[in-house]
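Notes to accompany the following structure.
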Amino acid sequence: MLMRTDPFRELDRLAQQLMGPGTWSKPSAMPMDAYREGDEYVVAFDLPGVTADAIDIDVERNMLTVKAERRPAAKADDVQMELSERPLGVFSRQIVLADTLDTEHIQADYDAGVLTLRIPIAERAKPRKISIGVGSSHKEIVG
Numbered sequence: 032m033l034m035r036t037d038p039f040r041e042l043d044r045l046a047q048q049l050m051g052p053g054t055w056s057k058p059s060a061m062p063m064d065a066y067r068e069g070d071e072y073v074v075a076f077d078l079p080g081v082t083a084d085a086i087d088i089d090v091e092r093n094m095l096t097v098k099a100e101r102r103p104a105a106k107a108d109d110v111q112m113e114l115s116e117r118p119l120g121v122f123s124r125q126i127v128l129a130d131t132l133d134t135e136h137i138q139a140d141y142d143a144g145v146l147t148l149r150i151p152i153a154e155r156a157k158p159r160k161i162s163i164g165v166g167s168s169h170k171e172i173v174g
């Protein structure tokens with residue numbers, strides 16, 4: 032049998048063991064991607080092994096908070112764990128959203144361990160054409 036070791040993975044595992052699992056008062060971070068797609072921002076969080084009912088999403092003013100908890104799987108009494116590398120506990124991430132985003136219409140989807148939030152850009156933040164009047168005409172904003 033061929034074994035390959037990764038010293039950085041071992042350091043991560045050791046650090047996790049020393050710090051313990053995330054708790055509600057001291058959660059662990061979760062990886063994420065954020066990008067703009069057309070007229071909305073998309074934020075995707077990796078939450079493998081977390082059930083949808085263990086995810087909590089809150090928006091207060093412009094602060095978006097995502098919390099999730101991965102609980103240990105129920106095991107029979109005669110099961111002896113040989114190796115445990117998958118982190119358990121609470122994971123959390125907070126993001127400050129710009130004023131140009133419409134926090135009233137955030138959509139959330141959870142599929143294959145990835146939580147995807149779609150945040151539309153507010154109408155007031157979209158580009159508008161401004162016409163210029165000649166002479167005594169007034170300037171008008173068309174939007």
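Here this note's numbering is used: the sequence shown runs in plain steps of one and ends on residue 174.
Backbone N, C-alpha and C define an ideal beta-carbon position, used for all residues, glycine too.
These numbers were taken from a predicted model, which means no experiment stands behind them.
Among the options, whose alpha-carbon lies nearest the alpha-carbon of residue i?
i	options	result
His136	Glu100, Ala75, Pro151 and Arg155	Pro151
Ser115	Pro103, Asp108 and Phe122	Pro103
Gly144	Glu154, Gly80, Ile86 and Met63	Gly80
Gly120	Glu100, Leu78 and Gly69	Glu100
Ala139	Leu132, Asp84 and Leu148	Leu148
Ala153	Tyr141, Ile126, Ser123 and Gly69	Gly69
Ala65	Ala83, Ala107, Ala105 and Leu146	Leu146
Glu91	Asp130, Val110 and Arg117	Asp130
Ile86	Asp77, Met94 and Asn93	Asp77
Arg155	Leu132, Asp108 and Ala105	Leu132
With a 10 Å radius around its C-beta and 16 neighbouring C-beta atoms as the bar for buried, classify residue i as buried or exposed.
i	result
Met61	buried
Met32	Summary for Met32: the model assigns pLDDT 41, below 50, so the residue's position carries little reliability; its value from the coordinates is reported in the next sentence. Classification of Met32: exposed, given that the 10 Å Cβ count is below 16.
Val74	buried
Val97	buried
Met34	At Met34 the pLDDT is 46, less than 50, meaning the model places this residue with poor confidence and gives no usable figure here.
Arg159	exposed
With which residues is residue i paired in a DSSP beta bridge?
i	result
Met63	Phe76
Arg149	Val73 and Gln138
Glu154	Its beta-bridge partners do not exist; DSSP assigns none.
If I follow the unbroken beta strand (DSSP E) through residue i, where does it start and stop?
i	result
Pro161	Per the sequence shown, the amino acid found at residue 161 is Ile instead of Pro. From DSSP, the beta strand (DSSP E) with Ile161 extends over Lys160 to Ser162.
**Asked** What runs of the beta strand (DSSP E), each 3 residues or longer, lie entirely inside the stretch 70-144?
**Response** 71-77, 86-91, 94-101, 120-127 and 138-142
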